[in-house]
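K.L.:
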Amino acid sequence: ILNNREILKRGSRTDSCLSFVRVEFNGCVLGDSQKLDVPVDKDVVYNFTCSFECSEVAHTLDDVAHKPVILTVFEILPKEKKQKEEKTTVLGQAVVDLLPLLRGQCSFSSTVLLHAVPGSPADVAVHEDGVKSTLDVTVHVPEPLLSDAQRSDSNVLMVTVETAYSVPDVWNPASTPPSHYIAALQMPVSATKEQVLLFSNGVLKMGGEKEPVPRPKKWPLGSLLAPGAEVIQGLYIDAEPTDTDHGDLTDIEDKDFRADAECNQKRVSWDTAHRCFIDAGGVACLSRRIAECRFNKNIHTILRLITQRTYSVLKELSRTPAALSRNRANSSVNSLKAFQSKTMENQRGNNDVSKKPDSQGKCAQTDSVSGLEPQVNTEGQMYADSRSYIIIEIAVEKPLAPKRPPEELAKRVMELVPPRPPLPRRPAGAERVKTTFVLDFSPLLSLIFFSQSDLWEIYSIHTLLHTLKKKKIKSLIHSPHSKYSVVRIVREKMLRTEAFSDPEQLQAFLSQLYVFLVDEMHAALNKTLSVDSQDAHQEPVLSCAQLKHFAREAELNTDYQLAAQYYQECLIQERSEPSHWCDYGAFHMLTADHLKAEECFQQALSIQQTHIPSLLMCGVLSEMNGRYEDAETFFERATCVEPNNVVAWALFGIFCQTQEKCIEAEMAFREANKQLNAVLLNESASRAEITSDTQSGQKKDQKDESSGNTDEADAVHEEDRPQNDQESKQEVQQQIPPTSVQTTIYMETVWFLLQNYALQMAQRALALELLSPDRGTISSYHLALAKLHLLRGEHNSAEASLKEALTDNFQNPDIWALWGHLHYEKGDYSQAQSCYERTLDSVLDASDTHSIYLRLGSIYLQKGEYEKARPVFLRACKRSPSCLTWLRLGIACYRVIALSFQTGRKLEAEQSYKYALKMNLQEESLLEEIHELQSRVGFGNPSF
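Per our numbering, numbering through the sequence shown is continuous, rising by one, with the last residue being 1333.
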């Protein structure tokens, strides 16, 4: 302890103050400093040193973690007459946190605030003058308390017991004898030792207002002499949204109850933080327990100590499965969450302090502190009736499951898939200056061909260029149309930036430049003189979106060779677009060419290292090929690139669960659920906003209609009719539940995997959906399972799944559409036609109507129902036109409208037939029909 500042400005004596400092740690007095009599206007320099030995018996590392050094400043009062012993009074107290010693520091200095004792001279100075006293303290150890290996393997865990809300009504602060409220928690600190963390001095408060935030956390030391000394500097309880809590009473329906309990009901407040040091064995034990029981049930205990009688300990030792605990409103559930910004893992749980019945309806057991036989807990029911819960925060200094930093993941992905090197800049600059040169000469060319003396102007241009040959370069450079263009060509095209020292080199360079300028001038003249001149860079006839649409049509018809051609055409147009490579990779997944698919996904990653679908599919394929480290890198990188991506977190969780990394899997699934809830909340908010806007618009329309002229009854009926139709349509839409609200993280992942034809991983996600207690609708699960079986060619299993889906939701158009596809692939076209027609007649549209139009129209064509086929293909051409839809529409119209054969137009028939052969018509059925018609009418084929 070096010196004391400002505290002696006001003491018991006016001229000087006699004081000393007492140092305590872990309940032991380490020593008193010398007594110094210093004038009140100067700082006290104690220069006092004391020490203690840290061992496994006394003053352990755990004591260093959660107990501070207490510094108490005493003032020695003047002796009165006939007084034998000195009287002292406490001026203030300060605490020093020793946590830096556990972080590897051997020495640190700190200036701590000296909190004044109420009624002391220091307290009077604080209130009147605003003077705050401080102590300068230096802590030193001869060697680190932990070696590097011990520090890397150990951890420091901090448990903060905040407040127990909605406590029973029988708890009364005026009860006699007075009650003491203590919380206790058992935590492993080593492989063989467990420690009970006690949180004493709970304060029973009446309702009426919420707990203030932020509020400081306190040391677990009990009451100190100076108020404020029990506060841990720098640690506060902040206001956090309830959606970040884990445990009970976190659902939407519990929000109102919690708001009322945290404002109006009784509560017991601790706001105490307890740190404990956990060695490597304790970290492994804690991790193992979390993995074995993710919703840890036996870590919270509330003790109600009643003086002058034997007290009981209300322990909760049940270990019910997670699936059962979700059905009980008063269960104690805790789990971890990661705070990446603070390199900590926090665990914040809402847990009931009450006892709950077991599976047979019997009450839970309690253990007596005195070692008596377990007795039935008769007090537990009052906690269940009150729905009491407690908020506890658990934080570790280092994550139990460490995550790699984003920089390391990005570097690892670059090693696995090197990025494509950037294009060189020089050719681009050279091409740009050539274009600029041509554009600069455009006004001159216009003058040449639109003036009266064209030949003289052309001759003048050649004369201008010949001046360059004759070393008269200044005349060209200073020309207003060519000065800057020629300079840029010399610098960027010819790469000359320095003067020539050799005349021969200069002459050769000028000749080369002359030839280049003449060639560019000729190219510009030819382009200007050409009547049919076209730009070299023309826009493609078909866009990439159209090509992908054609490719999906070819996939639907199992014409994979044609689909590959469309994808390759798309890549030729935009080779640097990662989404095109990703779609081409999904196509190879459909054809089971996994090696080629992985190449495509890696090519997409080489173009854009942060392309999420390619990262995920590279992870899926790496996991399929047994490269588990690479798969983990891809999945983890995807979660870092896009932290709000539900599918990325869910796939990472599925992978970690496969690798038996339960803690990482639980963290990933929780984060996925958090992001999905945020998405659904935004969707519901936007849907409510649209509904309110619609209702306001309808009220405005009704107001306008009522204010208009309503004398004629016919006009009134005409205005009411569309309104009634709109109301009936709204009623139908309200009866249909929104499907987006009923989704889960596993179903979102399943649809992504099915879209990319990753069937093996999709089956795992479906299995997790089946086992999840928060599973979505039965129809969505069986629909995805049926699509999985259909992609594998397992028609019987797909049919069974579709029957289950229809049992749950008979009006889902996607189920009927997939049912039609199943019958179509089996060759049962009558049943397929019935399913397709029912799908199109549904109130809601199916997710993919184009395939329904194509297959239903083809069924009509096969059956000869051309009048039905024509409107189906017309709708397909209107919604998503393609060459195939127009072709089949033409075939349908061809069957309906009389052909030239029937009207006797021989010339047109022969010319059409020749043109069809020239264009390589390959439809054998159509050729046979044409030949049959030609034989019937006797013309149309010149070979006859």
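Built from N, CA and C at the ideal position, the CB exists for glycine as well. Treat the numbers as computed from the prediction; the structure is a model and nothing was measured.
Let me know the secondary structure DSSP gives Met547 once reduced to three states.
P.N.:
Counting from 1 along the sequence shown, the entry for residue 547 is found at position 158. Reduced to three states, the DSSP call for Met547 is strand.
K.L.:
With the cut-off set at 9 Å, would you say Leu798 and Arg1026 are in Cβ contact?
P.N.:
One-based indexing of the sequence shown puts residue 798 at position 409. One-based indexing of the sequence shown puts residue 1026 at position 637. Yes.
K.L.:
Asp1019 by DSSP, collapsed to three states: which one?
P.N.:
Translated into positions along the sequence shown, residue 1019 becomes position 630. Note: Asp1019 maps to helix in three-state DSSP.
K.L.:
For Leu936 versus Pro967, is the C-beta distance shorter than 9 Å?
P.N.:
For this step, residue 936 is matched to residue 547 along the sequence shown. For this step, residue 967 is matched to residue 578 along the sequence shown. Cβ atoms of Leu936 and Pro967: not closer than 9 Å.
K.L.:
Could you tell me the alpha carbon to alpha carbon distance between Ser1231 and Ile780, rounded to whole angstroms?
P.N.:
Within the sequence shown, residue 1231 is the residue found at index 842, counting from 1. Within the sequence shown, residue 780 is the residue found at index 391, counting from 1. Taking the straight line from one Cα to the other gives about 49 Å.
K.L.:
In this structure, what does DSSP give as the bridge partners for Lys664?
P.N.:
Counting from 1 along the sequence shown, the entry for residue 664 is found at position 275. A small correction: the amino acid at residue 664 is Arg; Lys does not occupy that position in the sequence shown. Met547, per the DSSP bridge assignment.
K.L.:
Restricting to runs no shorter than 4 residues, where is the alpha helix (DSSP H) found entirely within the stretch 976–1019?
P.N.:
With a minimum length of 4 residues, the continuous alpha helix (DSSP H) runs that stay inside the stretch 976–1019 are 983–996, 1001–1013.
K.L.:
Which residue or residues does DSSP assign as beta-bridge partners of Gln482?
P.N.:
Here residue 482 is taken as the residue at index 93 of the sequence shown, counted from 1. Gln482 pairs with Thr461, His504.
K.L.:
Put Asp645 into one of helix, strand or coil per three-state DSSP.
P.N.:
Locating residue 645 in the sequence shown gives position 256, counting from the first residue. Three-state DSSP puts Asp645 in a helix.
K.L.:
Name the two residues that bound the continuous beta strand (DSSP E) containing Pro577.
P.N.:
The residue you call residue 577 lines up with position 188 of the sequence shown. Pro577 -> beta strand (DSSP E) spans 568–577.
K.L.:
Taking all protein chains shown into account, do 16 or more other C-beta atoms lie within 10 angstroms of the C-beta of Gln1122, making it buried, or fewer, making it exposed?
P.N.:
Working through the sequence shown from its first residue, we reach residue 1122 at position 733. Unreliable placement is indicated for Gln1122, whose pLDDT of 39 sits below 50; the coordinate value is still reported in the next sentence. Result: exposed.
K.L.:
Tell me, which residues are paired with Asp421 by DSSP?
P.N.:
For this step, residue 421 is matched to residue 32 along the sequence shown. Its beta-bridge partners are Arg411.
K.L.:
With a Cβ-Cβ cutoff of 9 Å, do Leu613 and Ile459 count as a contact?
P.N.:
Taking the sequence shown and counting its residues from 1, one reaches residue 613 at position 224. Taking the sequence shown and counting its residues from 1, one reaches residue 459 at position 70. The answer is yes: Cβ separation under 9 Å.
K.L.:
At the level of alpha carbons, what is the spacing between Gln1251 and Ser1219?
P.N.:
Counting from 1 along the sequence shown, the entry for residue 1251 is found at position 862. Counting from 1 along the sequence shown, the entry for residue 1219 is found at position 830. Straight-line Cα distance between these residues: approximately 11 Å.
K.L.:
Look at Asp660 and Pro616 and say whether their C-beta atoms are less than 9 Å apart.
P.N.:
For the purposes of this step, residue 660 is taken as residue 271 along the sequence shown, with counting starting at 1. For the purposes of this step, residue 616 is taken as residue 227 along the sequence shown, with counting starting at 1. It is not a contact, given that the beta carbons lie outside the stated cut-off.
K.L.:
Please go through the same chain and pick out, in chain order, the residues whose beta-carbon is closer than 8 Å to the beta-carbon of Met595, but skip the five residues on each side of it.
P.N.:
Residue numbering aside, residue 595 sits at position 206 when the sequence shown is read from its first letter. Taken in chain order, the residues that qualify are Pro562, Lys655.
K.L.:
Among Leu534, Thr549, Glu551, whose alpha-carbon lies nearest the alpha-carbon of Ser543?
P.N.:
Working through the sequence shown from its first residue, we reach residue 543 at position 154. Cα-wise, what sits closest to Ser543 is Leu534.
K.L.:
State the Cα-Cα distance for the pair Phe898 and Gln962, rounded to the nearest angstrom.
P.N.:
Numbered from its first residue, the sequence shown carries residue 898 at position 509. Numbered from its first residue, the sequence shown carries residue 962 at position 573. Between Phe898 and Gln962, the C-alpha separation is close to 38 Å.
K.L.:
Can you list, in chain order, the residues of its chain whose CB lies under 7 Å from that of Ser405, leaving out five sequence neighbours each side?
P.N.:
Walking along the sequence shown from the start, residue 405 turns up at place 16. Asp426, Val427, Pro428, Val429.
K.L.:
By the DSSP assignment, the alpha helix (DSSP H) with His1210 in it spans what residues?
P.N.:
Here residue 1210 corresponds to residue number 821 of the sequence shown, with the count starting at 1. Segment 1202–1215, the alpha helix (DSSP H) holding His1210.
K.L.:
For Glu796, count neighbouring Cβ atoms within 10 angstroms of its own Cβ and tell me buried if that reaches 16, exposed if not.
P.N.:
Here residue 796 refers to the residue found at position 407 when the sequence shown is read from its first residue. Exposed is the call here.
K.L.:
In the structure shown, what three-state DSSP assignment does Asn1034 receive?
P.N.:
On the sequence shown, residue 1034 is found 645 positions in, with the first residue counted as 1. Three-state result, Asn1034: coil.
K.L.:
In three-state DSSP terms, what is Asp426?
P.N.:
Counting from one through the sequence shown, the residue named residue 426 turns up at place 37. It is a strand residue.
K.L.:
Three-state secondary structure (DSSP) at Leu853?
P.N.:
As a first step, residue 853 must be located in the sequence shown, where it is residue number 464. At Leu853 the pLDDT is 45, less than 50, meaning the model places this residue with poor confidence; the figure from the coordinates comes in the next sentence. Helix at Leu853.
K.L.:
Quick one: what's got a C-beta closer than 6 Å to Tyr949's C-beta in the same chain, skipping five residues either side?
P.N.:
Counted from its first residue, the sequence shown places residue 949 at position 560. Contacts found: Thr980.
K.L.:
Following the continuous beta strand (DSSP E) through Pro795, name the residue where it begins and the one where it ends.
P.N.:
If you number the sequence shown from 1, residue 795 lands on position 406. First-last for Pro795: 795–805, but that is the alpha helix (DSSP H), not the beta strand (DSSP E).
K.L.:
I need the straight-line Cα distance from Asp645 to Gly636, nearest angstrom please.
P.N.:
Reading the sequence shown from its first residue, position 256 is the one you call residue 645. Reading the sequence shown from its first residue, position 247 is the one you call residue 636. When rounded, the distance between both Cα atoms is 16 Å.
K.L.:
Can you list, in chain order, the residues of its chain with a C-beta nearer than 7 Å to that of Tyr973? Leave out the 5 residues immediately preceding and following it.
P.N.:
The sequence position of residue 973 within the sequence shown is 584, counting from 1. Within the same chain, Tyr973 has close Cβ partners Tyr956, Leu960, Cys989.
K.L.:
Keeping to the same chain, check which residues put their C-beta closer than 7 Å to that of Trp1275; ignore five residues upstream and five downstream.
P.N.:
In the sequence shown, the residue the question calls residue 1275 occupies position 886. The answer, listed in chain order, is Cys1266.
K.L.:
How far does the alpha helix (DSSP H) with Gly769 in it reach, from first residue to last?
P.N.:
Position 380 of the sequence shown, counted from the start, is the residue given in the question as residue 769. Run containing Gly769: 769–775, per the alpha helix (DSSP H) assignment.
K.L.:
Whose C-beta lies closer than 7 Å to the C-beta of Arg540 among residues of the same chain, with five residues either side of it excluded?
P.N.:
What you label residue 540 is simply residue 151 of the sequence shown in a count that begins at 1. Closer than 7 Å at the Cβ level, and outside the excluded window around Arg540, lie Gly493.
K.L.:
Report the three-state DSSP secondary structure of Cys406 (helix, strand or coil).
P.N.:
Here residue 406 refers to the residue found at position 17 when the sequence shown is read from its first residue. In this structure, Cys406 counts as strand in the three-state DSSP scheme.
K.L.:
What are the residues that DSSP puts in a beta bridge with Arg941?
P.N.:
Stepping through the sequence shown from its first residue, residue 941 is reached at position 552. BP columns for Arg941 are empty, so no partner.
K.L.:
Counting C-beta neighbours from all protein chains within 10 Å, is the total for Gly416 16 or more, i.e. buried, or is it exposed?
P.N.:
Within the sequence shown, residue 416 is the residue found at index 27, counting from 1. With fewer than 16 Cβ atoms within 10 Å of its Cβ, Gly416 is classed as exposed.
K.L.:
Applying the criterion that 16 or more other CB atoms from any shown protein chain within 10 Å of the CB defines a buried residue, is Tyr1242 buried or exposed?
P.N.:
Start at 1 with the first residue of the sequence shown, and residue 1242 comes out as number 853. Buried: at least 16 other Cβ atoms inside 10 Å.
K.L.:
If we count the other Cβ atoms within 10 Å of its Cβ and call it buried at 16 or more, is Leu1157 buried or exposed?
P.N.:
As a working note, residue 1157 is residue 768 in the sequence shown. Leu1157 is buried by the Cβ-count criterion.
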